[in-house]
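Beneath this line is the structure, given in C-alpha cells, with notes to follow.
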Amino acid sequence: MMQQRAEHYLELSESPSPSVDFSIEGIQVYIMQILCLVCLGRGARAWMKVGAAIRIVQGLELHMEPFKSHELPTQQDLVRLCVHTLYTMDRFSVCGSNRPMMFSDETLRALRLPSSDEISDEPNAIIRPTPKFSELWISGGRQSQRQAVLHMFTNIVVLLGKCNQYLQTGGVQGDSHFPWHPMSNLSGLVSELGKWKDKVEAEIRPHDLDISQTTSVNRFYLSWFIYHAIFVRLYRQFLPLISGSRISDDLSDPWQQETSRKCVEHAVKMSEMCDQAHAHGYSWPYFTSFCLGTACTVLIHSAYYEYAAAYKAHLENIVEKILDMRRCSHLVDYQCEMLRKMHSLHASMVRNYRSGTLVTTNLHLTQFYKRYPEGEFDQAHIPFSTLGNWMDPGLDGPDDLFAIGALPQRLSSLRGTSYTYFELPDDQPQLSRQMDPSLNFQSTTTSASFLDEGQIYSPSLMSALDGYFEFEAASASQGVPESMQTESDADIGQNLINSVLQQVSEDAYRGLEF
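Per this note's numbering, residue 46 is the first one in the sequence shown, and the count goes up by one each step.
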C-alpha cells in the first residue's frame, strides 16, 4: 500500500519535459519525489534529486537573507522551510559514505530557521522572528516547546555534518593531534556534543514532551538517536576485538578503555530508547534505521565481552526494530545485509583469534570497517550497490546474526522457509539479570515488536514516506508570487505541478515529519 502510493505520486510529479522548473514549487516537487524514491528503495535516484534541488536553491540564491522586502512573511517562511529540509537531507544522505556535502554551514549562517508554529492560510499572517543558523547556540529564553525541539534538532544535524566531515577526512589519521589530546578535532567534537546534551536536558525532558505534536515527537527522538549514533561512529574504531584485548600502547590504553565503554553505552542507550519512543508515538523515520544499524555494529562486538548475554538481548531488540522498519523503505534491507555479513565475519575472527590462528586482529583506528579484510560493506545511508539476497538460507548457522533469541522465527516468517539453526535458550537470560553494573542502565527492552500487526496507521503518504521530511499542507498548496521565482519553461507543465501539490495537500500532509 505504501509503495503503491509512493509510485502514484512519483508518476504524477515526473514531467516528460527535460527542462527544469526553477521555482519554489519546483523545489517542493523535488522534495516529494525524494520521499517517494526513498520509500521505493531507489537510493541513487533519490540522492541525485537531493543534489538537483540544492542546486536550484543555490542558483536562485534562496539560501541568502534578507529576502526581498515586498515578499510576504509566510512566503519567506516557505523558502526557509524548503532550505532547512534540503540541508537536513544533505547531511543525512552522505552518512556512511565519502560523498561530499553540498551545503556549507558557513553559507547558511545568515539564514533564519523556519517558523515552528503552524503555518496560517492567511498570506499576511504574522510570523514571529526566528533565530539564524549562527545564533542557535545562544538562542534560548522564553520559547515554545515546538521552538525548543526545532532548535535542538537543527543543532544536532549541524554536529552530524561535522562528524561526517571528520570521518571523511580520515578520522584519527586526519586529526591534528592524538585522539586523546584535548586539542584534537575529536575532543572538540565531543565537547560540542556535551554542550548540546546539557542544553537540551535543561530545556526539555521526555516526560514533558507534548505527544500530541507528532512533528515535535519525531524531531525530539530522532535528535537523540542522532546524538548517540554520532558518538558510536566516532568511537567504534577503538573497540577491541574481545574484552581485555590490547591494541595500543600504555599511554592510550586508559583512554581507549574508557572510550570503548562509552561507545557500548551509547549503543545500549539506543536500544533502550526504542520502547520509550514508540510509547510516545514516534513514527520511525528512515534515518533511524541508519542510527540503529550503527548501534548494532557495536553490539556485535560487545556480544563477545563480559555480560555478553545482556548485550545480545539489546542486539536482538534493535534488529527487531530494523526488520519492522522494512515497511517504511526497501532501503532498510541494506542494513540487514550489512549486519548479517558483519556478524558472521566477526564471529569467525573471534574464533580464530582465540584459537591462535589469527596473528593480527586487523583493527584499524582510521576506518572501522577495515578490520574485516574479507568483507565488502555498503554502510552508506543511501546505498548505491546492488542488494544481495540477505535472507539466503545458506547463511544460517551458529555464526549468524539471526541465530540469536527469537530472530530465527522472525526470519523464517519473512522468507517463508524454516531457519535451520537455533541458539540454545540458556544463552539468552533476561536482559536485566546480567547487565554490566558500570553502565548503570535501566532496561526498557521488550520482546514484542513495536509494530503490532493489528495496529491502525494513517493512510496518508506521510506514514510511508517518513524517511525524511514532509512539508506543511498549507505551504504545499500556497501560491508563490512571481518575485519568488524565475521564469519557468512553459513545457514543464505548471498545471501538472499544481495538481500534484494539491493532491499531496488533500492527502493530509501535516508538516516536516521525518
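All C-beta atoms, glycine included, are put in the ideal place defined by N, C-alpha and C.
Nearest-angstrom Cα separation, counted from residue j out to residue i
{"i": "G219", "j": "Y211", "result": "8 Å"}
{"i": "E351", "j": "Q121", "result": "55 Å"}
{"i": "A358", "j": "P111", "result": "52 Å"}
{"i": "N263", "j": "L337", "result": "15 Å"}
{"i": "L432", "j": "D444", "result": "21 Å"}
{"i": "F67", "j": "G104", "result": "9 Å"}
{"i": "M93", "j": "V83", "result": "12 Å"}
{"i": "Y349", "j": "C81", "result": "40 Å"}
{"i": "Q385", "j": "P453", "result": "The displayed chain sequence assigns Arg, not Gln, to residue 385. For R385 and P453, the distance between alpha carbons rounds to 13 Å."}
{"i": "F447", "j": "M228", "result": "43 Å"}
{"i": "R100", "j": "S316", "result": "38 Å"}
{"i": "T152", "j": "M109", "result": "8 Å"}
{"i": "S290", "j": "H346", "result": "With a pLDDT of only 49 at S290, under 50, the local geometry of the prediction cannot be trusted, and no value is derived from it."}
{"i": "R371", "j": "V194", "result": "27 Å"}
{"i": "E395", "j": "K314", "result": "For the record, residue 395 in the displayed sequence is Val; it is not Glu. In a straight line, the C-alpha of V395 is about 25 Å away from that of K314."}
{"i": "W300", "j": "K307", "result": "11 Å"}
{"i": "P504", "j": "A155", "result": "With a pLDDT of only 31 at P504, under 50, the local geometry of the prediction cannot be trusted, and no value is derived from it."}
{"i": "G233", "j": "L204", "result": "11 Å"}
{"i": "L344", "j": "Q380", "result": "14 Å"}
{"i": "S293", "j": "L158", "result": "The predicted position of S293 is uncertain, since its pLDDT is 44 and thus under 50; a value taken from the coordinates is nonetheless stated next. If you take the alpha carbons of S293 and L158, they lie about 45 Å apart."}
{"i": "R278", "j": "M387", "result": "16 Å"}
{"i": "L360", "j": "L440", "result": "18 Å"}
DSSP state of residue i mapped onto helix, strand, coil
{"i": "R250", "result": "coil"}
{"i": "R157", "result": "strand"}
{"i": "A425", "result": "coil"}
{"i": "M146", "result": "coil"}
{"i": "Y266", "result": "helix"}
{"i": "V434", "result": "Checking the sequence shown, residue 434 turns out to be Asn, not Val. It is coil, neither helix nor strand."}
{"i": "T402", "result": "coil"}
{"i": "D369", "result": "helix"}
{"i": "A448", "result": "helix"}
{"i": "S374", "result": "coil"}
{"i": "G420", "result": "coil"}
{"i": "I183", "result": "coil"}
{"i": "E151", "result": "helix"}
{"i": "C381", "result": "helix"}
{"i": "V139", "result": "coil"}
{"i": "G439", "result": "helix"}
Of the listed residues the options, nearest to residue i (C-alpha basis)
{"i": "L368", "options": "T333, I72, L107 and K357", "result": "T333"}
{"i": "Q302", "options": "E317, L286 and V313", "result": "L286"}
{"i": "F276", "options": "S257, E52 and G216", "result": "G216"}
{"i": "H196", "options": "G206, K207, T175 and L205", "result": "T175"}
{"i": "F178", "options": "E310, E365, C81 and V128", "result": "V128"}
{"i": "G96", "options": "F137, L85, G86 and S60", "result": "F137"}
{"i": "D320", "options": "V343, F270, L131 and S236", "result": "F270"}
{"i": "M147", "options": "E419, D243, N209 and Y280", "result": "N209"}
{"i": "T260", "options": "S160, S430, A354 and E382", "result": "S160"}
{"i": "P145", "options": "Y132, L156 and R157", "result": "Y132"}
{"i": "M383", "options": "M394, V364 and Y398", "result": "V364"}
{"i": "P418", "options": "S393, P438, G439 and N434", "result": "S393"}
{"i": "T342", "options": "G461, L55, A274 and R125", "result": "A274"}
{"i": "I69", "options": "S268, F429, R125 and A91", "result": "R125"}
{"i": "R416", "options": "Y327, P428, F283 and S328", "result": "F283"}
Paired residues, beta bridge with residue i - DSSP
{"i": "K177", "result": "R157"}
Only counting runs of 4 or more residues, tell me where the alpha helix (DSSP H) segments fall wholly within the stretch 52-106, in order along the chain. 69-85 and 88-104
Mind listing, in chain order, the continuous alpha helix (DSSP H) runs of no fewer than 4 residues lying wholly within the stretch 185-257? 190-213 and 230-248
Go through the stretch 273-361 residue by residue and report every complete run of the beta strand (DSSP E) that reaches 3 residues or more, in order. Counting whole runs of 3 or more residues, the stretch 273-361 contains no beta strand (DSSP E) stretch at all.
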